Amino acid sequence: MATIIKRSGFNDNIVETRRALDEARHLPGYIYNSPEVFAREKERIFMTDWLCMGRVEQFSEPGDYRTFDIMGDPIAVVRGADNKFNAFSNLCAHRGVEVVPDKEGNAERFKCPYHAWTYDLEGKLLGAPRMKEHPLFDPKSCRLEPLQVDTWAGWIFVNFDMEAPALNTKLEEFAADFGFLDMENLKLGPSGEVEVGCNWKYFVENIVDEYHVAVAHKDTIGRFMTNSSKWTLRGNGGYKWEYDAGPSTPTGKPLFNPLPVLKDEDERYSISGFAHPNLTLFGRIDSLSVLVTWPISPEKTRVASYSLFSEEQLADPEFEAKMEARGEITAQTFQEDAVLIASLQRASMSSRFKPGYMASPEVGIHHLINYYLDRMSDDNDG
Numbered sequence: 170m171a172t173i174i175k176r177s178g179f180n181d182n183i184v185e186t187r188r189a190l191d192e193a194r195h196l197p198g199y200i201y202n203s204p205e206v207f208a209r210e211k212e213r214i215f216m217t218d219w220l221c222m223g224r225v226e227q228f229s230e231p232g233d234y235r236t237f238d239i240m241g242d243p244i245a246v247v248r249g250a251d252n253k254f255n256a257f258s259n260l261c262a263h264r265g266v267e268v269v270p271d272k273e274g275n276a277e278r279f280k281c282p283y284h285a286w287t288y289d290l291e292g293k294l295l296g297a298p299r300m301k302e303h304p305l306f307d308p309k310s311c312r313l314e315p316l317q318v319d320t321w322a323g324w325i326f327v328n329f330d331m332e333a334p335a336l337n338t339k340l341e342e343f344a345a346d347f348g349f350l351d352m353e354n355l356k357l358g359p360s361g362e363v364e365v366g367c368n369w370k371y372f373v374e375n376i377v378d379e380y381h382v383a384v385a386h387k388d389t390i391g392r393f394m395t396n397s398s399k400w401t402l403r404g405n406g407g408y409k410w411e412y413d414a415g416p417s418t419p420t421g422k423p424l425f426n427p428l429p430v431l432k433d434e435d436e437r438y439s440i441s442g443f444a445h446p447n448l449t450l451f452g453r454i455d456s457l458s459v460l461v462t463w464p465i466s467p468e469k470t471r472v473a474s475y476s477l478f479s480e481e482q483l484a485d486p487e488f489e490a491k492m493e494a495r496g497e498i499t500a501q502t503f504q505e506d507a508v509l510i511a512s513l514q515r516a517s518m519s520s521r522f523k524p525g526y527m528a529s530p531e532v533g534i535h536h537l538i539n540y541y542l543d544r545m546s547d548d549n550d551g
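Per our numbering, the very first residue in the sequence shown carries number 170; after that it's consecutive.
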């Protein structure tokens, strides 16, 4: 697997992608459809990096849990009896059957439905029928495999790598750029999940592709966005993108009062950021939105969306009506993108596809791709 990124026939494209923006080409198609590459992404990125799992307030009571499938690895995140968060593989230590039963719920303990091995909220074994007489079995050392878990600004993160640097180290630049948004004191508004027919990288790249907005979204958000933007590129694949755009509403005007920390900003205030590999933040004058990206397969991606508001905004008697109006624009914009990124995925399979040169507004894509190649390439891959 060490030579996947230097696969025969595509080496020149990889080299060209590594060049400065005004000389760089996009990546070859196999990077977006190869099962080998997908497996390497899991190994190199998703099994070693901090992953955003959702909001703290989704776990309001001790025993609240949510389950996730991370590229074939089932895990559970649980609020413990001591109110601390725990995360562990959702695989019984006996045969590997999933122990935590549903997508979400509340429990005092977890019992495997196969042989009744039982675990507490920390994943420690409480009981295993008919195993006391086993000469080699040590119940004290038996448990559900733990993951690192931590929180930042009201968000929960996990890491499969128990030796990985702490979350605050990982998010140092992101926190410096976006900590002022005071997300820990905002409340969760409407949220949801959707599946899109493309590789996860196409989805993330499309978010930062300001080149396409005026064309693909000319009837939606493109009406309210100018070419004025400022990029701050970070060393860990993150970025801060400041741009001039009206809110995603039918009129391009805010529907809610400003967030407390943004009350002195212009109504067209717009900012976006990325915490590699799966959290994208959008800040507008009256709300925040976050997209969390989960690879399903080389050709499919699940996207969880979250919206954050102040308590005052959520108490607005017209909140639901305003959200419905905003949701129409958001849904239309999302559908416009979904059609195009599905087309990108189909193109990746074509023997006739040769990646073109990047345009200057694709600075964000260039940055994301090159950090990705840093993570995926061996030191001697070039």
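Note that CB positions come from ideal geometry on N, CA and C, so glycine has one too.
Please read these numbers as outputs of a predicted model, since none were measured by experiment.
Helix, strand or coil for residue i, going by three-state DSSP, please let me know.
{"i": "Arg392", "result": "helix"}
{"i": "Glu203", "result": "First, the residue type needs correcting, since residue 203 is Ser and not Glu in the sequence shown. Ser203: coil per DSSP, three-state reduction."}
{"i": "Trp286", "result": "coil"}
{"i": "Pro530", "result": "helix"}
{"i": "Thr236", "result": "strand"}
{"i": "Ser310", "result": "helix"}
{"i": "Lys370", "result": "helix"}
{"i": "Asp543", "result": "helix"}
{"i": "Phe336", "result": "As written in the sequence, residue 336 is Leu, which differs from the Phe given in the question. Of the three classes helix, strand and coil, the one that applies to Leu336 here is helix, per DSSP."}
{"i": "Leu424", "result": "coil"}
{"i": "Arg188", "result": "coil"}
{"i": "Asp506", "result": "helix"}
{"i": "Gly178", "result": "Note that Gly178 scores a pLDDT of 42, beneath 50, so its modelled location is shaky; the value from the coordinates is reported in the next line. Coil."}
For the beta strand (DSSP E) that residue i lies in, which residues bound it at each end?
{"i": "Leu431", "result": "That residue, Leu431, is in no beta strand (DSSP E); it is neither H nor E in DSSP."}
{"i": "Glu411", "result": "Tyr408 to Ala414"}
{"i": "Ala345", "result": "First-last for Ala345: Glu341 to Phe347, but that is the alpha helix (DSSP H), not the beta strand (DSSP E)."}
{"i": "Ile325", "result": "Trp324 to Asn328"}
{"i": "Glu302", "result": "Taken as a continuous stretch (DSSP letters only), Glu302 belongs to no beta strand (DSSP E), as it is neither H nor E."}
{"i": "Lys356", "result": "Lys356 to Val365"}
{"i": "Thr418", "result": "Segment: none, Thr418 is in no beta strand (DSSP E) and carries neither H nor E."}
Could you tell me if residue i is buried or exposed, where buried requires 16 or more neighbouring beta carbons within 10 angstroms of its beta carbon?
{"i": "Phe306", "result": "exposed"}
{"i": "His535", "result": "buried"}
{"i": "Asn252", "result": "exposed"}
{"i": "Met170", "result": "Unreliable positioning characterises Met170 in this predicted model, as indicated by a pLDDT of 42, which lies under 50. The coordinate reading is nonetheless provided below. Looking at its Cβ environment, which holds fewer than 16 other Cβ atoms inside 10 Å, Met170 is exposed."}
{"i": "Met492", "result": "buried"}
{"i": "Glu362", "result": "exposed"}
{"i": "Pro204", "result": "exposed"}
{"i": "Pro298", "result": "exposed"}
{"i": "Asn447", "result": "buried"}
{"i": "His445", "result": "buried"}
{"i": "Tyr201", "result": "buried"}
{"i": "Phe349", "result": "exposed"}
{"i": "Ser512", "result": "exposed"}
{"i": "Glu210", "result": "buried"}
Per DSSP, residue i is paired with what?
{"i": "Leu513", "result": "Answer by DSSP bridge pairing: none, since Leu513 is not bridged."}
{"i": "Arg194", "result": "Tyr526"}
{"i": "Asp319", "result": "Phe326"}
{"i": "Ser398", "result": "Tyr412"}
{"i": "Lys293", "result": "Arg312"}
First and last residue of the alpha helix (DSSP H) that includes residue i?
{"i": "Tyr380", "result": "Note, Tyr380: premise wrong, no alpha helix (DSSP H); not H, not E."}
Are the C-beta of residue i and some C-beta of chain B separated by less than 7 Å?
{"i": "Ile183", "result": "Judged by its chain identifiers, the structure shown contains no chain B, having just a single protein chain."}
Go through the stretch 435 to 494 residue by residue and report every complete run of the beta strand (DSSP E) that reaches 3 residues or more, in order.
-> 438 to 444, 448 to 453, 456 to 466 and 469 to 478
With a floor of 3 residues, list each beta strand (DSSP E) that falls wholly inside the stretch 203 to 280, ordered by position along the chain.
-> 220 to 224, 233 to 239, 242 to 248, 254 to 258 and 273 to 275
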